[in-house]
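*Asks:* Residue numbers for the sequence shown follow my numbering, beginning at 7 and rising by one.
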Amino acid sequence: SSADQPYRTAYHFQPPKNWMNDPNGPMIYKGLYHLFYQWNPKGAVWGNIVWAHSTSKDLVNWIPHEPAIYPSQPADMNGTWSGSATILPNGTPVILYTGINPANQQVQNIAFPKKASDPYLIEWVKTPKNPLMAPTASNMINASSFRDPTTAWVGPDGRWRVIIGSKRGRRGMAILYRSKDFIHWVKAQHPLHSAPNTGMWECPDFFPVSTVSPLGLDTSSNGPHVKHVLKVSLDDTRKEYYTIGTYDPSKKDVYTPDAGSVEGDLGLRFDYGKFYASKTFFDSAKNRRILWGWINESSSVEDDIKKGWSGLQAVPRVIWLDKSGKQLVQWPVMELEKLRTGRVDVPSKLLRGGSKFEVSGFTASQADVELSFEVKNLDKAEKFDPSWVKAQDLCTQKTATVKGGIGPFGIMALASKGLEEYTAIFFRIFKGTNNKYVVAMCSDQTKSSLNNSTDKANYGAFLDVDPAKEKLSLRTLIDRSIVESFGGEGKGCITARVYPTKAIGDGAHLYAFNYGAGDVLISSFSAWSMKKAQIN
Ligand code: FRU
Numbered sequence: 007s008s009a010d011q012p013y014r015t016a017y018h019f020q021p022p023k024n025w026m027n028d029p030n031g032p033m034i035y036k037g038l039y040h041l042f043y044q045w046n047p048k049g050a051v052w053g054n055i056v057w058a059h060s061t062s063k064d065l066v067n068w069i070p071h072e073p074a075i076y077p078s079q080p081a082d083m084n085g086t087w088s089g090s091a092t093i094l095p096n097g098t099p100v101i102l103y104t105g106i107n108p109a110n111q112q113v114q115n116i117a118f119p120k121k122a123s124d125p126y127l128i129e130w131v132k133t134p135k136n137p138l139m140a141p142t143a144s145n146m147i148n149a150s151s152f153r154d155p156t157t158a159w160v161g162p163d164g165r166w167r168v169i170i171g172s173k174r175g176r177r178g179m180a181i182l183y184r185s186k187d188f189i190h191w192v193k194a195q196h197p198l199h200s201a202p203n204t205g206m207w208e209c210p211d212f213f214p215v216s217t218v219s220p221l222g223l224d225t226s227s228n229g230p231h232v233k234h235v236l237k238v239s240l241d242d243t244r245k246e247y248y249t250i251g252t253y254d255p256s257k258k259d260v261y262t263p264d265a266g267s268v269e270g271d272l273g274l275r276f277d278y279g280k281f282y283a284s285k286t287f288f289d290s291a292k293n294r295r296i297l298w299g300w301i302n303e304s305s306s307v308e309d310d311i312k313k314g315w316s317g318l319q320a321v322p323r324v325i326w327l328d329k330s331g332k333q334l335v336q337w338p339v340m341e342l343e344k345l346r347t348g349r350v351d352v353p354s355k356l357l358r359g360g361s362k363f364e365v366s367g368f369t370a371s372q373a374d375v376e377l378s379f380e381v382k383n384l385d386k387a388e389k390f391d392p393s394w395v396k397a398q399d400l401c402t403q404k405t406a407t408v409k410g411g412i413g414p415f416g417i418m419a420l421a422s423k424g425l426e427e428y429t430a431i432f433f434r435i436f437k438g439t440n441n442k443y444v445v446a447m448c449s450d451q452t453k454s455s456l457n458n459s460t461d462k463a464n465y466g467a468f469l470d471v472d473p474a475k476e477k478l479s480l481r482t483l484i485d486r487s488i489v490e491s492f493g494g495e496g497k498g499c500i501t502a503r504v505y506p507t508k509a510i511g512d513g514a515h516l517y518a519f520n521y522g523a524g525d526v527l528i529s530s531f532s533a534w535s536m537k538k539a540q541i542n
């Protein structure tokens with residue numbers, strides 16, 4: 007029951023029980039959305055991994071199916087790890103995934119739907135030709151670092167391309183393979199891209215984005231007004247980074263990040279909190295590209311075993327290129343708004359420096375909150391200290407109760423009545439150089455729980471918003487043990503896992519606060535209770 011399981015979510019995807027990690031093979035087929043995921047049928051810790059499977063008509067309500075892919079042949083006897091789906095030109099999907107063979111080498115395999123007429127794609131079959139790609143004595147591939155094939159795409163020569171995450175020494179890389187028939191794959195001499203000192207690149211994702219429209223593109227799209235995005239999940243730091251760049255398969259068939267892009271500790275991230283092993287797919291029904299990402303627990307392994315499960319998926323997010331061309335923007339799929347109920351509006355008002363107030367009348371433990379601020383007078387903004395290279399450092403030093411000039415202002419979610427517990431999502435505005443302002447968005451978990459065994463690290467992101475000209479918006483999805491925030495209309499996303507002991511059920515409250523010296527205007531503020539979705 008929900009009383010025994012205060013941290014199980016109402017609308018974030020999760021399995022009925024046990025361990026879940028990466029989203030696998032997301033796609034839409036015959037009008038149905040499919041999500042597979044790395045799942046342990048036997049417990050709440052990683053192991054015995056199979057591809058569990060759920061389908062949905064709306065990306066919100068999901069029904070479970072039997073595992074689709076599990077060890078069944080020599081090429082995957084020791085594991086069926088992450089991979090991706092590709093819709094072939096005749097409309098049928100295929101899945102490429104990583105198998106662990108009896109020698110514990112990582113190899114790439116294919117699976118086909120047994121009956122393509124079945125929209126649920128319940129049964130999958132494999133070919134004895136597996137593995138299709140494998141480390142050999144001559145191809146220099148590191149057999150323990152060769153995994154997670156992407157969705158494949160076709161070049162102008164009609165040949166398929168796919169990348170596989172790998173490393174050579176400390177150089178992370180996306181190994182490129184080509185094929186005429188999807189069965190016989192030939193390794194390209196050069197990786198699609200590589201970077202020194204980044205370690206293993208897990209779960210690469212490679213996709214086109216339009217420079218002129220927020221609509222998504224099919225993975226094989228290319229040409230004018232198209233840029234490409236390469237995302238990698240760095241095993242060393244358990245963080246993801248992406249770059250935006252150029253890719254022309256008719257030239258060298260390599261990807262070149264735009265100047266200033268790096269894979270490493272200062273690069274761009276889909277999410278500056280917890281978010282890993284993510285994967286996008288093109289939704290041909292609504293012409294959008296949708297991002298899934300795994301959110302692991304911040305609780306101890308003992309607590310995970312006690313509660314019998316571990317791992318969530320972030321809400322599916324639409325992802326597109328920002329007008330600046332310099333970053334991506336994300337927003338929860340609009341279908342999620344069907345769950346909103348009992349809207350509460352706060353009339354526009356001035357939030358004076360040093361004040362806070364409660365917003366009530368909705369289910370604060372299970373909510374969608376959308377608000378925006380305007381700062382009419384930025385005179386009190388403190389000088390930005392250039393040593394704050396990473397917003398996370400700034401947000402770790404300056405938690406929600408540290409008074410500033412302009413900010414911190416924002417919300418306290420999953421807050422107990424006496425504020426013994428709360429998770430604060432807020433902004434701070436600083437004066438930078440050249441009369442530019444620096445906007446930091448923070449998610450402060452330091453007071454999120456009286457349970458001291460949980461990870462309470464803080465997260466931060468700098469937002470490319472000009473507070474002298476634009477509103478500063480925040481949308482936060484609160485769902486019992488997850489707080490998923492979108493700042494600056496989706497320019498900065500931060501997801502946190504929290505485990506309140508008092509701020510659960512009716513004990514959860516929500517406050518708006520401004521602990522800065524300067525006043526800020528709340529120009530809009532709406533909160534909704536969220537209905538429970540049907541999830542597995
Ligand atoms: C990423 C990952 C992948 C691998 C899978 C195994 O979280 O380690 O590289 O395929 O999980 O479950």
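Positions of the beta carbon are idealized from the N, C-alpha and C atoms, including for glycine.
Could you check whether Arg294 and Lys222 sit closer than 8 Å to each other, using their CB atoms as the reference points?
*Replies:* At residue 222 the sequence reads Gly, which differs from the Lys that was named. Yes.
*Asks:* In angstroms, rounded to a whole number, what distance separates the CA positions of Trp534 and Arg349?
*Replies:* Each residue's alpha carbon lies about 5 Å from the other.
*Asks:* Return the bridge partner residues of Leu102 from the DSSP annotation.
*Replies:* For Leu102, which the question treats as bridged, DSSP gives the partners Ser90, Ile116.
*Asks:* Label Leu327 either buried or exposed according to how many other C-beta atoms from any shown protein chain fall within 10 Å of its C-beta, with 16 as the threshold for buried.
*Replies:* Buried.
*Asks:* Answer yes or no: the CB of Trp87 versus the heavy atoms of ligand 1, is any distance below 7 Å?
*Replies:* Yes - ligand 1 has a heavy atom lying nearer than 7 Å to the Cβ of Trp87.
*Asks:* Could you give the C-beta distance for Val504 and Ser459, rounded to a whole number, given that I count them as a contact under 8 Å?
*Replies:* Going by Cβ atoms, the distance from Val504 to Ser459 rounds to 13 Å, so no, they are not a contact pair.
*Asks:* Are the beta-carbon atoms belonging to Cys499 and Phe276 less than 8 Å from one another?
*Replies:* Against a cut-off of 8 Å, the Cβ pair of Phe276 and Cys499 comes out as a contact.
*Asks:* Specify whether the region 223-232 and the region 177-188 touch according to this definition: at least 3 beta carbon pairs, one from each stretch, less than 8 Å apart.
*Replies:* With the cut-off at 8 Å, the region 223-232 and the region 177-188 do not touch.
*Asks:* With hydrogens ignored, establish whether the beta-carbon of Ile101 is closer than 7 Å to any heavy atom of ligand 1.
*Replies:* No.
*Asks:* Starting from Val307, trace the alpha helix (DSSP H) both ways and give me its first and last residue.
*Replies:* Run containing Val307: 307-313, per the alpha helix (DSSP H) assignment.
*Asks:* Got a sec, what are the start and stop residues for the beta strand (DSSP E) Asp289 sits in?
*Replies:* Note, Asp289: beta strand (DSSP E), 282-289.
*Asks:* Going along the chain, which residues of its own chain have a beta-carbon closer than 7 Å to the beta-carbon of Arg486, five neighbours each way excluded?
*Replies:* Taken in chain order, the residues that qualify are Pro12, Tyr13, Arg14, Thr15, Ala16, Ser371, Gln372.
*Asks:* Around the Cβ of His40, are there at least 16 other Cβ atoms within 10 angstroms (buried) or fewer (exposed)?
*Replies:* Its Cβ being crowded by 16 or more others within 10 Å, His40 is buried.
*Asks:* Run through DSSP, which three-state label would Gly511 get?
*Replies:* Here Gly511 sits in helix by DSSP.
*Asks:* Three or more C-beta pairs closer than 8 Å, one from the region 433-445 and one from the region 404-421: is that the case here?
*Replies:* With the cut-off at 8 Å, the region 433-445 and the region 404-421 touch.
*Asks:* Give a yes or no on contact between the region 198-213 and the region 162-175, applying the rule of three or more CB pairs nearer than 8 Å.
*Replies:* The region 198-213 vs the region 162-175: in contact.
*Asks:* Can you grab the Cα-Cα spacing for the pair Gly359 / Ser530, in whole Å?
*Replies:* Looking at the two C-alpha atoms, the distance is approximately 18 Å.
*Asks:* Is the region 300-319 touching the region 465-479 in the sense that three or more CB pairs, one from each, lie closer than 8 Å?
*Replies:* Result no; under three Cβ-Cβ pairs closer than 8 Å.
*Asks:* Report the partner residues of Pro263 according to the DSSP bridge assignment.
*Replies:* Bridge partners of Pro263: Gly251.
*Asks:* Determine, using beta carbons only, whether Ala421 and Tyr521 come nearer to each other than 8 Å.
*Replies:* In this structure, Tyr521 does not lie closer than 8 Å to Ala421 by Cβ.
*Asks:* Give the DSSP-derived three-state secondary structure of Met83 in the structure shown.
*Replies:* Met83 falls in the coil class under three-state DSSP.
*Asks:* Nearest CA to the CA of Asp28: which residue from Phe42, Tyr35, Ile34?
*Replies:* Taking only the C-alpha atoms, the option nearest Asp28 is Phe42.
*Asks:* So Leu138 packs on Ile189, CB below 8 Å; how close in whole Å?
*Replies:* With 8 Å as the limit, Leu138 and Ile189 qualify as a contact, their Cβ atoms being about 6 Å apart.
*Asks:* Are the region 235-244 and the region 256-271 touching by the rule of at least three beta carbon pairs closer than 8 Å?
*Replies:* They touch, by the three-pair rule.
*Asks:* For Thr133, which of Ser256, Ser78, Gly496, Phe152 has the nearest alpha-carbon?
*Replies:* For the residues Ser256, Ser78, Gly496, Phe152, the minimum Cα distance to Thr133 belongs to Ser78.
*Asks:* Taking Tyr183 as the reference, give the member of Gly205, Arg153, Ala201 with the closest Cα.
*Replies:* Nearest option by C-alpha distance: Arg153.
*Asks:* Taking the beta carbon of Gly299 as the centre, do at least 16 other beta carbons fall within 10 Å, making it buried, or is it exposed?
*Replies:* Counting Cβ neighbours within 10 Å, Gly299 comes out buried, since at least 16 surround it.
*Asks:* Can you tell me the Cα-Cα spacing of Leu318 and Asn54, whole angstroms?
*Replies:* Roughly 18 Å separates the two Cα atoms.
*Asks:* Output yes or no for whether 8 Å exceeds the beta carbon distance between Gly31 and Gly97.
*Replies:* The answer is no: Cβ separation not under 8 Å.
*Asks:* Buried or exposed: which applies to Gly496, given that a residue is buried once 16 or more other Cβ atoms fall within 10 Å of its Cβ?
*Replies:* The residue in question, Gly496, is buried, as its Cβ has 16 or more Cβ neighbours within 10 Å.
*Asks:* Under the assumption that Trp25 contacts Ser316 (Cβ atoms under 8 Å), give the Cβ distance between them as a whole number of angstroms.
*Replies:* Contact flag correct, Cβ pair sits at about 5 Å.
*Asks:* Tell me whether Asp154, by its Cβ, gets closer than 7 Å to a heavy atom of ligand 1.
*Replies:* Checking every heavy atom of ligand 1 against the Cβ of Asp154, one is found closer than 7 Å.
*Asks:* Report back the beta-carbon spacing between His71 and Ser60 to the nearest angstrom; my notes put them in contact at under 8 Å.
*Replies:* Between Ser60 and His71 the Cβ distance is about 7 Å, and since that is below 8 Å, they are a contact.
*Asks:* To the nearest angstrom, how far is the alpha carbon of Lys186 from that of Ile311?
*Replies:* Roughly 47 Å between the two C-alpha positions.
*Asks:* With distance defined between alpha-carbon atoms, name the residue in Ser200, Val335, Lys280 nearest to Pro220.
*Replies:* Cα-wise, what sits closest to Pro220 is Val335.
*Asks:* Taking the C-alpha atoms as reference points, what is the distance between Thr405 and Ile541?
*Replies:* Each residue's Cα considered, the two are about 35 Å apart.
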